[in-house]
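K.L.:
Quick one: this structure, given as structure tokens, is what I'll be asking you about.
There are 2 protein chains.
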Amino acid sequence: MTGQTDFLAACRDLLGDTYVLTLDADTAPFLTDWRDRFTGKALAVLRPATVEQVAAILRACAQWQVPVVPQGGNTGLVLGSIPDAAGTAVVLSLARLNSIRALDPVNRTITVDAGCILQTIQEAASAAGCLFPLSLAAEGSCTIGGNLATNAGGTAVLRYGNTRELCLGLEVVTPQGEIWSGLRGLRKDNTGYDLRDLYIGAEGTLGVITGAVMKLYPQPKACITALAAMPSPAHALRLLSLMQDHCGASLTGFELMSQYCLQLVAEQFPQLPRPFADAHGQSHGQYVLLELSSSQSEAHAVELLEASIGAALEDELIEDAVVASSVAQSEGLWQLREHIPLAQAQAGKNIKHDISLPISRIADFIAVTDAALASAFPGCQLVCFGHLGDGNLHYNVAPPAGMTDRDFLANQDAINRIVHDQVHGFGGSISAEHGIGALKKADLAHYKSPLELQLMRAVKQALDPQNIMNPGKIL
Amino acid sequence: MTGQTDFLAACRDLLGDTYVLTLDADTAPFLTDWRDRFTGKALAVLRPATVEQVAAILRACAQWQVPVVPQGGNTGLVLGSIPDAAGTAVVLSLARLNSIRALDPVNRTITVDAGCILQTIQEAASAAGCLFPLSLAAEGSCTIGGNLATNAGGTAVLRYGNTRELCLGLEVVTPQGEIWSGLRGLRKDNTGYDLRDLYIGAEGTLGVITGAVMKLYPQPKACITALAAMPSPAHALRLLSLMQDHCGASLTGFELMSQYCLQLVAEQFPQLPRPFADAHGQSHGQYVLLELSSSQSEAHAVELLEASIGAALEDELIEDAVVASSVAQSEGLWQLREHIPLAQAQAGKNIKHDISLPISRIADFIAVTDAALASAFPGCQLVCFGHLGDGNLHYNVAPPAGMTDRDFLANQDAINRIVHDQVHGFGGSISAEHGIGALKKADLAHYKSPLELQLMRAVKQALDPQNIMNPGKIL
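Written out as structure tokens, the structure is:
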């Protein structure tokens with residue numbers, strides 16, 4: 283207890299009383315996860331404003347052996363940025379480190395504090411005539427530090443890669459409270475081990491990311507959208523190959539949605555467009571939202587998209603398609619995609635899976651897993667959509683008509699096991715873009731090879747021998 | 283001595299006598315580096331044919347504490363794949379692991395043994411209608427395992443990234459002789475630490491890469507080339523921005539060459555084209571070789587390139603340009619670029635630097651470093667060319683007229699220090715794409731921060747506590 287008192291006094295000396303939160307009313311927002319499933323406890327929430335303060339806090343944590351839970355926007359989905367129930371850890375909020383340090387339009391880089399909100403970075407890039415392509419649902423709240431710590435994915439991965447591929451350099455405070463200045467803005471640098479990529483995706487278990495150099499891209503001159511309809515996921519895969527062959531890097535979005543997804547959206551949000559139902563009254567098995575970007579002009583994008591869709595119709599890969607003829611129509615089509623999770627939430631509980639597969643196996647995976655679930659839980663509803671171009675499916679399972687949420691959720695472990703066993707069997711990943719956190723730690727231990735776990739533990743032990751960095755997450 | 287005898291007997295049991303080379307005539311090609319600067323000694327050269335044999339050999343090496351130098355095509359430039367002079371290590375050649383294990387055109391991946399020759403992989407991809415974009419001078423001899431171990435760069439980095447960005451999964455044998463099967467063909471996978479990127483670029487000091495899953499891309503329909511002339515590197519940088527804005531991902535090559543580079547080529551290879559000298563008799567300060575690829579058609583590529591060059595002429599970024607009107611002309615332009623190192627070699631000795639810089643700093647770096655060298659070594663000749671789009675310069679220094687090679691090379695350390703000090707001051711890298719090996723180990727120790735070196739040593743100690751993997755390289 284004296285140790286805790288001394289530690290908190292040291293923190294107050296370092297940050298000032300205002301930024302060491304200990305009252306429940308002050309700490310509450312930092313202790314409950316985004317989806318409101320778990321509330322942890324903390325000795326305090328610490329809010330440093332500078333990298334030097336972060337380093338000093340880490341040295342204090344090391345001295346008193348206080349566990350540290352780094353936190354950005356606290357929008358994670360796997361309980362990675364909140365503490366456990368023990369109450370012995372501190373939450374280290376990076377939110378006050380929120381400056382854009384530099385923007386270099388010729389090098390096409392932006393150097394940012396870890397606590398910068400993703401949308402702020404997008405806007406700064408845009409104001410300089412550049413594109414920062416990382417984009418995801420939580421972009422108005424999440425921070426780039428959290429994006430890096432979880433290697434966030436989102437909607438632009440097909441063209442621009444995950445957060446990892448968008449990062450050139452990092453600044454990290456080690457668990458010993460030293461500052462590693464790896465803020466290099468270089469496209470090529472082969473000078474020793476790739477520490478950068480080791481910290482990216484480590485979910486704050488190896489050190490605290492405090493700054494980063496991120497890549498920028500030229501802004502496309504035009505971006506247009508289409509919705510294509512087809513009988514099956516296998517047709518969608520063939521369409522993906524065709525579109526990539528025709529459009530190369532101009533293909534910037536390829537999102538799969540099953541007929542049931544759009545039916546749910548239509549039921550829950552009747553005001554949204556129904557591109558096919560209105561025109562033809564017909565129902566297709568699957569839909570793909572396509573996005574094309576052009577560095578040349580809107581005319582070029584339209585011409586390329588229409589030619590590609592023409593070829594797909596000729597090859598009988600698709601049954602029908604609508605091309606958005608305005609920005610508003612384009613946004614309407616994206617809203618269909620974005621309202622799927624909201625429609626699900628309104629319709630009731632469901633069990634979510636954030637999985638990835640080799641793209642060539644997706645149709646088989648869906649067929650086999652749908653059948654396995656239908657056999658084990660007759661009548662269950664499958665809400666399957668996602669970033670098909672990245673092999674990333676959001677494969678969600680909703681209860682059969684008439685079953686209560688409570689009865690359904692009692693089967694959560696059994697349903698996860700069926701889905702994840704199939705994912706594993708098809709060479710996929712049980713966490714495509716959300717990470718492991720505390721939520722999937724047991725799954726990781728189950729599906730990873732003992733050797734891979736052992737290698738990860740060796741790295742953890744080497745860099746954080748006291749095990750004070752976000753303990754209980756990942757490993 | 284008994285230990286060595288027992289160890290070699292164990293190796294012969296594992297591989298058969300034929301594949302344990304100990305005679306000088308047999309081992310010689312494995313002991314001298316590509317540029318013929320150093321010849322090491324080895325206990326033996328071991329030539330396993332399977333991953334299991336590699337693992338068994340590693341267990342024997344661990345048991346007898348025999349250092350292991352993994353080797354692919356032995357085309358490295360930094361003495362990373364040959365042993366030192368002690369004669370206590372074995373060279374572990376991966377050359378017999380040379381199968382293409384699988385090619386999945388829908389997932390756009392190829393799974394290969396580490397010993398596959400890069401060109402073999404390019405050809406296999408091409409035969410399946412795909413592009414494997416990694417391309418570099420040694421592609422007919424180098425292996426993908428070596429490319430991965432050194433994170434090779436090459437001419438397609440601007441569009442497709444380094445070898446790191448082209449790799450989805452790895453198979454690695456640990457220093458303890460265990461096989462990590464990380465051969466995942468996934469675009470998104472956030473399940474724990476990024477071991478893959480830790481082994482990539484580690485130059486065989488953490489384990490032996492035995493297999494990999496590499497990304498494939500759609501083959502462009504057309505690829506065209508132009509040569510533009512301009513007064514200065516600053517103009518070339520502005521041209522790069524303009525070309526990226528106009529062409530986006532269609533810009534696949536952007537190579538800078540100084541006037542002196544082309545003069546050297548013209549002197550040494552008078553049979554090669556001289557696009558500007560012949561037509562106009564004029565001399566420009568700098569030249570850029572541009573390459574555009576189109577997923578649509580040759581007509582599209584030509585139209586885009588001509589429009590971009592028109593804009594550059596209008597903005598007075600360039601003074602003149604020629605667009606290749608045939609594949610032969612295009613190859614002629616690339617030959618100018620590729621003959622620069624050959625022309626240098628014919629002209630005499632020079633001191634090479636493989637450096638990278640933030641792209642926006644390149645013009646200043648060249649001006650300041652040229653001046654510093656001219657001041658310290660009056661009359662020295664600067665042969666500066668490289669992948670400007672990646673910030674990667676080959677900045678080579680040749681002797682003043684009349685100075686002997688020997689007198690000139692006596693200044694090698696002083697010249698390296700001047701160049702590398704400037705690189706360091708401008709936030710650059712002393713090894714852009716060649717790695718560290720044994721050659722640049724002292725430079726790494728000089729320029730890296732003590733903390734970064736300490737973090738690297740901690741990782742090395744964690745994964746290779748016996749220090750048997752390629753000791754004396756990098757760290």
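Those protein sequences? They're chains Z and E, same order as listed. Read in order, the letters of the first sequence are residues 283 to 757 in my numbering. Read in order, the letters of the second sequence are residues 283 to 757 in my numbering. All C-beta atoms, glycine included, are put in the ideal place defined by N, C-alpha and C. Model, not experiment: these values are computed from the prediction.
Could you name the residues of the stretch 527-553 of chain E whose beta carbon sits closer than 8 Å to any beta carbon of chain Z, in the order they occur along the chain?
P.N.:
Residues passing the 8 Å Cβ filter: D527, H528, C529, G530, A531, S532.
K.L.:
What are the uninterrupted segments assigned as beta strand (DSSP E) that are 3 or more residues long and contained completely in the stretch 532-594 of chain E, given in chain order?
P.N.:
For the stretch 532-594 of chain E, whole beta strand (DSSP E) runs of length 3 or above, ordered along the chain, are 533-540, 568-576.
K.L.:
Which residues in the same chain have their Cβ closer than 6 Å to the Cβ of V454 of chain E, if we skip the five residues on either side of it in sequence?
P.N.:
On the second sequence, position 172 is the one that residue 454 of chain E refers to. The answer, listed in chain order, is W462, Y481, G489, I491.
K.L.:
Could you tell me which residues DSSP pairs with F249 of chain E in its beta bridges?
P.N.:
It is not possible to answer for residue 249 of chain E, since the shown part of chain E is limited to 283 through 757.
K.L.:
Of the choices E:S575, E:A508, E:A420, whose alpha-carbon is the least far from that of Y442 of chain E?
P.N.:
The residue labelled residue 442 of chain E in the question sits at position 160 within the second sequence. For Y442 of chain E, the nearest C-alpha among the options comes from E:S575.
K.L.:
Considering only C-alpha positions, which residue in the set Z:Q345, Z:T287, Z:V327, Z:F414 is nearest to T300 of chain Z?
P.N.:
Locating residue 300 of chain Z in the first sequence gives position 18, where the first residue counts as 1. That would be Z:V327, whose Cα lies nearest to the Cα of T300 of chain Z.
K.L.:
Could you tell me how far apart the beta carbons of L664 of chain Z and V650 of chain Z are, in whole angstroms, since I believe they sit closer than 8 Å?
P.N.:
Stepping through the first sequence from its first residue, residue 664 of chain Z is reached at position 382. Stepping through the first sequence from its first residue, residue 650 of chain Z is reached at position 368. Incorrect: roughly 12 Å between the Cβ atoms, too far for contact.
K.L.:
Can you find a CB in chain E that lies within less than 8 Å of the CB of W316 of chain Z?
P.N.:
As a first step, residue 316 of chain Z is located in the first sequence; it is residue number 34 there, counting from the start. No, W316 of chain Z does not count as interfacial toward chain E.
K.L.:
Nearer than 7 Å: is that true of the beta carbon of Q694 of chain E relative to any heavy atom of the ligand NAP?
P.N.:
You won't find the ligand NAP in this model; it holds no ligand whatsoever.
K.L.:
Determine, using beta carbons only, whether E734 of chain Z comes closer than 8 Å to chain E.
P.N.:
For the purposes of this step, residue 734 of chain Z is taken as the residue at position 452 of the first sequence. At least one chain E Cβ lies under 8 Å of E734 of chain Z.
K.L.:
For S381 of chain Z, which residues in chain E fall below 7 Å Cβ to Cβ?
P.N.:
Within the first sequence, the letter at position 99 stands for residue 381 of chain Z. Here the premise fails: no neighbours, minimum Cβ distance about 19 Å.
K.L.:
For the pair the stretch 712-724 of chain Z and the stretch 345-362 of chain Z, tell me if three or more CB-CB distances fall below 8 Å.
P.N.:
yes
K.L.:
Let me make sure I understand the geometry here. Which of E:L571, E:G673, E:L468 has the alpha-carbon closest to that of V388 of chain E?
P.N.:
Position 106 of the second sequence, counted from the first residue, corresponds to residue 388 of chain E. Taking only the C-alpha atoms, the option nearest V388 of chain E is E:L468.
K.L.:
Here's the rule I'm using: 16 or more other beta-carbon atoms within 10 Å means buried, otherwise exposed. How should H562 of chain Z be labelled?
P.N.:
In the first sequence, the residue the question calls residue 562 of chain Z occupies position 280. Bear in mind that a pLDDT of 48 at H562 of chain Z, under 50, signals an unreliable position, so the number given afterwards is only what the model happens to contain. Of the residues assessed, H562 of chain Z falls on the exposed side of the cut-off, its CB having fewer than 16 other CB atoms within 10 angstroms.
K.L.:
Where does E596 of chain E land, buried or exposed, given buried means 16+ other C-beta within 10 angstroms?
P.N.:
What you label residue 596 of chain E is simply residue 314 of the second sequence in a count that begins at 1. Counting Cβ neighbours within 10 Å, E596 of chain E comes out exposed, since fewer than 16 surround it.
K.L.:
Given a threshold of 16 other Cβ atoms within 10 Å of its Cβ, counted over all protein chains shown, does L618 of chain Z qualify as buried or as exposed?
P.N.:
For the purposes of this step, residue 618 of chain Z is identified with residue 336 of the first sequence, where counting begins at 1. Under this definition L618 of chain Z is a buried residue.
K.L.:
I need the straight-line Cα distance from V333 of chain Z to D395 of chain Z, nearest angstrom please.
P.N.:
As a working note, residue 333 of chain Z is residue 51 in the first sequence. As a working note, residue 395 of chain Z is residue 113 in the first sequence. Near 9 Å, if we compare the C-alpha coordinates of D395 of chain Z and V333 of chain Z.
K.L.:
List the residues of chain E whose Cβ lies closer than 7 Å to the Cβ of E715 of chain Z, in chain order.
P.N.:
Translated into the one-based positions of the first sequence, residue 715 of chain Z becomes position 433. Per Cβ cutoff of 7 Å: K470, N472.
K.L.:
So is N429 of chain Z in contact with chain E if we call contact Cβ pairs under 8 Å?
P.N.:
If you number the first sequence from 1, residue 429 of chain Z lands on position 147. No, no contact with chain E.
K.L.:
Just the C-alpha distance for L452 of chain Z and G459 of chain Z, rounded to the nearest angstrom, thanks.
P.N.:
Counting from 1 along the first sequence, the entry for residue 452 of chain Z is found at position 170. Counting from 1 along the first sequence, the entry for residue 459 of chain Z is found at position 177. The straight-line gap from Cα to Cα measures roughly 16 Å.
K.L.:
When we look at the beta-carbon of A606 of chain Z and count the other beta-carbons within 10 Å, is it buried (16 or more) or exposed?
P.N.:
Here residue 606 of chain Z is taken as the residue at index 324 of the first sequence, counted from 1. So A606 of chain Z counts as buried.
K.L.:
Does any C-beta atom of chain Z lie closer than 8 Å to the C-beta of W462 of chain E?
P.N.:
Your numbering for residue 462 of chain E matches position 180 in the second sequence. True, the Cβ-Cβ gap to chain Z drops below 8 Å.
K.L.:
Report yes or no: do three or more beta-carbon pairs, one from the stretch 569-589 of chain E and one from the stretch 506-525 of chain E, lie closer than 8 Å?
P.N.:
Because the criterion of three Cβ pairs below 8 Å is met, the stretch 569-589 of chain E and the stretch 506-525 of chain E touch.
K.L.:
The stretch 693-720 of chain E: which residues have C-beta closer than 8 Å to a C-beta of chain A, in chain order?
P.N.:
In the structure shown, chain A does not exist; the protein chains are Z and E.
K.L.:
Note down, in chain order, each residue of its chain lying with its Cβ closer than 6 Å to the Cβ of P557 of chain E, except the 5 sequence neighbours on either side.
P.N.:
Within the second sequence, numbered from 1, the residue matching residue 557 of chain E stands at position 275. Around P557 of chain E: L509, V604.
K.L.:
Enumerated in chain order, which unbroken segments of the beta strand (DSSP E) with a length of 3 residues or greater are wholly contained in the stretch 324-408 of chain E?
P.N.:
326-328, 350-353, 372-375, 382-386, 391-395
K.L.:
Just reading off the alpha helix (DSSP H) that T284 of chain E is part of, what are its end residues?
P.N.:
In the second sequence, residue 284 of chain E corresponds to position 2, counting from 1. From DSSP, the alpha helix (DSSP H) with T284 of chain E extends over 284-297.
K.L.:
Over the uninterrupted alpha helix (DSSP H) stretch that includes I700 of chain Z, give me the two end residues.
P.N.:
As a first step, residue 700 of chain Z must be located in the first sequence, where it is residue number 418. Element bounds for I700 of chain Z: 694-707.
K.L.:
What is the C-beta distance between T445 of chain E and L477 of chain E, in whole angstroms, given that I count them as a contact (C-beta under 8 Å)?
P.N.:
Working through the second sequence from its first residue, we reach residue 445 of chain E at position 163. Working through the second sequence from its first residue, we reach residue 477 of chain E at position 195. No, T445 of chain E and L477 of chain E are not in contact; Cβ-Cβ is about 16 Å, not under 8 Å.
K.L.:
Look at the alpha carbon of L448 of chain Z and the alpha carbon of V547 of chain E, and state the distance between them as a whole number of angstroms.
P.N.:
Looking up residue 448 of chain Z in the first sequence gives position 166. Looking up residue 547 of chain E in the second sequence gives position 265. As the crow flies, the alpha-carbon of L448 of chain Z is around 38 Å from that of V547 of chain E.
K.L.:
Whether or not the stretch 727-747 of chain E and the stretch 683-690 of chain E are in contact is what I'm after, with contact meaning three or more pairs of Cβ atoms, one per stretch, closer than 8 Å; do they touch?
P.N.:
no
K.L.:
May I have the straight-line CA-CA distance separating A367 of chain E from S577 of chain E, to the nearest angstrom?
P.N.:
By one-based count along the second sequence, residue 367 of chain E stands at place 85. By one-based count along the second sequence, residue 577 of chain E stands at place 295. Taking the Cα positions, A367 of chain E is about 51 Å away from S577 of chain E.
K.L.:
For T507 of chain E, which of helix, strand or coil comes out of DSSP?
P.N.:
Stepping through the second sequence from its first residue, residue 507 of chain E is reached at position 225. T507 of chain E: strand per DSSP, three-state reduction.
K.L.:
Roughly how many angstroms separate the alpha carbons of G298 of chain Z and Q347 of chain Z, rounded to a whole number?
P.N.:
Within the first sequence, residue 298 of chain Z is the residue found at index 16, counting from 1. Within the first sequence, residue 347 of chain Z is the residue found at index 65, counting from 1. Cα to Cα, G298 of chain Z sits roughly 21 Å from Q347 of chain Z.
K.L.:
For D315 of chain E, tell me which candidate among E:G493, E:Q345, E:L296, E:G355 has the shortest Cα-Cα distance.
P.N.:
Translated into positions along the second sequence, residue 315 of chain E becomes position 33. Residue E:G355 is the option with its Cα nearest to D315 of chain E.
K.L.:
Determine the DSSP secondary structure at K723 of chain E, reduced to helix, strand or coil.
P.N.:
The residue you call residue 723 of chain E lines up with position 441 of the second sequence. Of the three classes helix, strand and coil, the one that applies to K723 of chain E here is helix, per DSSP.
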